[in-house]
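2 protein chains.
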Amino acid sequence: MTPRGFAEAEFLTRLSRAQAAMQTADIAALFLTTEPEIRYFTGFLTRFWESPTRPWFLVVPAQGDPVAVIPSIGGHLMGQSWITDIRTWRAPDYDDDGVTLLADTLAELTPKGARIGLPSGRETHLRMPLQDFQRLQSLLPDRDFTNDANIMRGLREVKSEAEIEKLRAACTIASAAFSSVPDIARPGIPLAKVFRDFQRLCLAEGADWVPYLAGAAAPGGYGDVISPADDRPLAKGDVLMLDTGLVHDGYFSDFDRNFSIGRASPQVRDAHVKLIEATQAAFAIARPGATAADLFHAMDRIVTGGAGGSDAGRLGHGLGMQLTEPPSLIPADDTPLVPGMVLTLEPGIEVTPGRIMVHEENIVIRETGAEWLSLPAPPEIVEITS
Amino acid sequence: MTPRGFAEAEFLTRLSRAQAAMQTADIAALFLTTEPEIRYFTGFLTRFWESPTRPWFLVVPAQGDPVAVIPSIGGHLMGQSWITDIRTWRAPDYDDDGVTLLADTLAELTPKGARIGLPSGRETHLRMPLQDFQRLQSLLPDRDFTNDANIMRGLREVKSEAEIEKLRAACTIASAAFSSVPDIARPGIPLAKVFRDFQRLCLAEGADWVPYLAGAAAPGGYGDVISPADDRPLAKGDVLMLDTGLVHDGYFSDFDRNFSIGRASPQVRDAHVKLIEATQAAFAIARPGATAADLFHAMDRIVTGGAGGSDAGRLGHGLGMQLTEPPSLIPADDTPLVPGMVLTLEPGIEVTPGRIMVHEENIVIRETGAEWLSLPAPPEIVEITS
Chain A
1 MTPRGFAEAE FLTRLSRAQA AMQTADIAAL FLTTEPEIRY FTGFLTRFWE SPTRPWFLVV
61 PAQGDPVAVI PSIGGHLMGQ SWITDIRTWR APDYDDDGVT LLADTLAELT PKGARIGLPS
121 GRETHLRMPL QDFQRLQSLL PDRDFTNDAN IMRGLREVKS EAEIEKLRAA CTIASAAFSS
181 VPDIARPGIP LAKVFRDFQR LCLAEGADWV PYLAGAAAPG GYGDVISPAD DRPLAKGDVL
241 MLDTGLVHDG YFSDFDRNFS IGRASPQVRD AHVKLIEATQ AAFAIARPGA TAADLFHAMD
301 RIVTGGAGGS DAGRLGHGLG MQLTEPPSLI PADDTPLVPG MVLTLEPGIE VTPGRIMVHE
361 ENIVIRETGA EWLSLPAPPE IVEITS
Chain B
1 MTPRGFAEAE FLTRLSRAQA AMQTADIAAL FLTTEPEIRY FTGFLTRFWE SPTRPWFLVV
61 PAQGDPVAVI PSIGGHLMGQ SWITDIRTWR APDYDDDGVT LLADTLAELT PKGARIGLPS
121 GRETHLRMPL QDFQRLQSLL PDRDFTNDAN IMRGLREVKS EAEIEKLRAA CTIASAAFSS
181 VPDIARPGIP LAKVFRDFQR LCLAEGADWV PYLAGAAAPG GYGDVISPAD DRPLAKGDVL
241 MLDTGLVHDG YFSDFDRNFS IGRASPQVRD AHVKLIEATQ AAFAIARPGA TAADLFHAMD
301 RIVTGGAGGS DAGRLGHGLG MQLTEPPSLI PADDTPLVPG MVLTLEPGIE VTPGRIMVHE
361 ENIVIRETGA EWLSLPAPPE IVEITS
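Chains as they are written, first to last, in full-length UniProt numbering: chain A, 1 to 386; chain B, 1 to 386.
Shown next as structure tokens:
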């Protein structure tokens, strides 16, 4: 395993890239409120974000180091990061939950008339009460809150080697867990128990935690890929699918595996072969010069004959500090692939009307082509016949 | 274990309470975007919210049933809920990610001039891109987007018996997992392994998943309560604290336990006794007629001598579909306790300068007093001396 966290140089590189982009976009400061955005610049890693109570803020000025404006409960942990300017208040404060402290910080770090960029485009949200944001704007009438010119998306879309190693570690853990599924799944075992035991496998293999597990088991394919488990026992003829996003040192894997409980039907076998064929077709062209849309079409040709998609809406996406990140593998996404992008390839196929199967792998784009991060599945669906 | 999900009557009761409150507040529709808000009215339970890509919307009109406006990938699962009016689009759509569909729905369900309530006060956020919200507003110039008059907070703060049973089940699972900690923690074992093994215990005891685990191990107390694990091996003299939020059928437990690795020092023993004393003092007065602030003061008197708090900011909070919910046990929160409120009691104490210990239990308010949901800890800290 690689060491935890990052060297300070990693953060300095991220900061200098951000500041160069801010100069170009005429943005005096980035104003960040979500977990991955704040962690990207600080390394601040905690599961405490699960609590929605307290807002957390990071200001990245166009010159100088980031300033954390955070609840005092996080002061000790943030104090262990490379950030030195940490301003805290005792949250929750019903009269003023950090808004004045934040406004004062932004006023100090940006000139009047400045544009303050906050991520506002697709796949973003503002993690603070809307009323507090409106109050912040009223406290700073001479500042223009605007989109971040997609600076955060651009930065995070391309991973450093240190990030890729963490993603590889997460994927290696997930690959090992999937290889043990035949030990925990057989006819008669409730799906909910398979879900619990699979998460235990992920942890035993070294996952720090397992933020995501969805899946299904149903005869000849399933209805969707986002359901939690029910208590229905596995039965012969079921296709079992497990799709996990586990975390190692703050970075996700995100891929799934399909299993046939008992012998697979010819339709299920063929569907799985096509899913692997589609994945391999996208992998083969995944290199600098291709676009996200190209990967979509390479897969869609095989799984739908080129119909242009399905209800899933896309056939893969970026992966990193979050389970899903830009870009999306859809016809409308012309993002050029560049070295360092980490992607999922996630084709789905309709086996019979209303019954689907989905397969997923994780890859990284390199100068000369793609490299697997997950251990790629063979064309033959694994049959659990014990 | 109680059956999964809720009877339809539960949702109808929630809806009629919401609609009564909307009449009073002159709100023509609630506009909801976050996981717990949408699940509260629909029962839509999926871990897919871990992906930030797609927005999800629910409109609760002042009369009639809720309308789901959601990505097509969720249509199958939402179709299994009691909701019948489900409008989908194929997300992600870079030109229009559900905004027009949502605007049309709001226009259909509310008259011109109507007030549309969205949760905007403390502990809320808007889970959609800010630019899309601004576009929504521009598409509906004749509607007034306003705070939800705290209707969602008020509804969710008081749990039904069916909800309390799910919370009790989650707490029972966590209590069982904590009782096995002496099997997984001893000198020489890295804290990160204890974290992994503790999550495995939670799953083995029946947790569906473990969204939250924080903790620490350090000599004579720890520096904070929100840190992830590091690889430092446990050593004699450490206080080990594990604080978990695990989920059973969509409802959380949230409490911690402290363990002494080897014999506890007198300071650590005394600190633990005081924490239990503080918890019991709050428990003793937790009944209708008391307020959230009263519980704070009952604990604060014992752990600080009445100093009025610490960096943690509060000494407990609500608990339910989220790890933390309103109210907060702070001096400023005068929320009256009513039967059905589920709370955590979470006093913290400074053992020596910079070294703290925190204890936490979960309770439900009943007509005549409080009832434990967690199995309350005894005053003596558990010593792991094997």
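For every residue, glycine included, the Cβ atom is placed at its ideal position computed from N, Cα and C.
If you're wondering where the values come from, they're calculated on a predicted model, not measured in any experiment.
query                                                                                                                                      : result
Reduced DSSP category for proline 119 of chain A - H, G, I as helix; E, B as strand; rest coil                                             : coil
Check whether glutamate 163 of chain A and proline 326 of chain A have beta carbons under 8 Å apart                                        : no
Under 8 Å from the C-beta of valine 351 of chain A: neighbouring residues of chain B                                                       : Under the 8 Å cutoff, chain B gives no residues; its nearest Cβ is about 14 Å from valine 351 of chain A.
Start-to-end residues for the beta strand (DSSP E) that takes in aspartate 144 of chain B                                                  : 144-147
Paired residues, beta bridge with methionine 241 of chain B - DSSP                                                                         : B:Ala216 and B:Asn258
Beta-bridge partners of arginine 87 of chain A, as assigned by DSSP                                                                        : A:Val69
Chain B contact for isoleucine 116 of chain A (CB, 8 Å cutoff)                                                                             : no
Euclidean distance between Cα positions of alanine 107 of chain B and arginine 14 of chain A                                               : 44 Å
CA nearest to the CA of glutamine 131 of chain A, picked from A:Pro55, A:Cys171, A:Gly348 and A:Gly221                                     : A:Pro55
Separation of asparagine 147 of chain A from glutamate 37 of chain B, as counted between CA atoms                                          : 27 Å
Below-8 Å beta-carbon distance, tryptophan 372 of chain B vs any chain A residue                                                           : no
Best match in B:Ile363, B:Thr352, B:Val364 and B:Phe296 for proximity to aspartate 333 of chain B [C-alpha to C-alpha]                     : B:Phe296
Contact set between the segment 246-271 of chain B and chain A, restricted to residues whose Cβ is under 8 Å from the partner              : none
Cβ-based burial, lysine 166 of chain B [other Cβ within 10 Å; buried from 16]                                                              : buried
Beta carbon proximity, serine 120 of chain A to chain B, threshold 8 Å                                                                     : yes
Inter-stretch contact (C-beta, 8 Å, three-pair minimum) for the segment 207-221 of chain A and the segment 339-358 of chain A              : yes
Spatial distance of isoleucine 261 of chain B from valine 273 of chain B (CA atoms)                                                        : 17 Å
Amino acids of chain A, ordered along the chain, whose beta-carbon sits closer than 9 Å to that of tyrosine 94 of chain B                  : Arg122, Ser328, Ile330, Ala332 and Asp333
CA-to-CA distance, arginine 186 of chain B to alanine 204 of chain B, given in whole angstroms                                             : 20 Å
Beta strand (DSSP E) segment containing leucine 12 of chain A, residue limits                                                              : It is not in any beta strand (DSSP E) - leucine 12 of chain A instead sits in the alpha helix (DSSP H) that spans 8-25.
Bridge partners - tyrosine 222 of chain B, DSSP secondary structure assignment                                                             : B:Ile356
Interface residues of chain B facing glutamine 131 of chain A [CB-CB closer than 9 Å]                                                      : Ser120, Gly121, Arg122, Thr124 and Asn147
Rounded straight-line distance, which links the Cα of valine 67 of chain A to that of asparagine 150 of chain B                            : 32 Å
Valine 247 of chain B classed as buried or exposed, judged by whether at least 16 other C-beta atoms fall within 10 angstroms              : buried
Three-state secondary structure assigned by DSSP to glutamate 205 of chain A                                                               : coil
Chain A contacts from the segment 55-79 of chain B (Cβ-Cβ distance under 8 Å)                                                              : Pro71, Ser72, Ile73, Gly74, Gly75, His76 and Leu77
Straight-line gap, threonine 88 of chain A to arginine 4 of chain A (C-alpha atoms, nearest Å)                                             : 26 Å
Chain-ordered residues of the segment 181-210 of chain A with a beta carbon less than 8 Å from chain B                                     : Ala192, Phe195, Arg196, Asp197, Gln199, Arg200, Leu203, Ala204, Gly206, Ala207, Asp208, Trp209 and Val210
Spatial distance of threonine 335 of chain B from glycine 316 of chain B (CA atoms)                                                        : 13 Å
Exposure label - threonine 385 of chain B; buried when at least 16 CB within 10 Å                                                          : exposed
Close Cβ partners of alanine 298 of chain A (< 6 Å) along its chain, the five nearest in sequence each way excluded                        : Ala281, Ala282 and Ile285
is_contact[glutamate 361 of chain A, chain B] using C-beta, thresh 8 Å                                                                     : no
Cut-off 8 Å between Cβ atoms - residues of its own chain near leucine 291 of chain A, not counting five sequence neighbours on either side : The amino acid at residue 291 of chain A is misidentified as leucine; the sequence shows threonine. Cβ neighbours of threonine 291 of chain A beyond the five flanking positions: Asp333, Asp334, Thr335, Pro336 and Leu337.
Spatial distance of threonine 105 of chain B from valine 59 of chain B (CA atoms)                                                          : 8 Å
Asparagine 258 of chain B versus B:Asp249, B:Ala25, B:Glu35 and B:Glu383, residue with shortest Cα-Cα distance                             : B:Glu383
Glutamine 63 of chain B classed as buried or exposed, judged by whether at least 16 other C-beta atoms fall within 10 angstroms            : exposed
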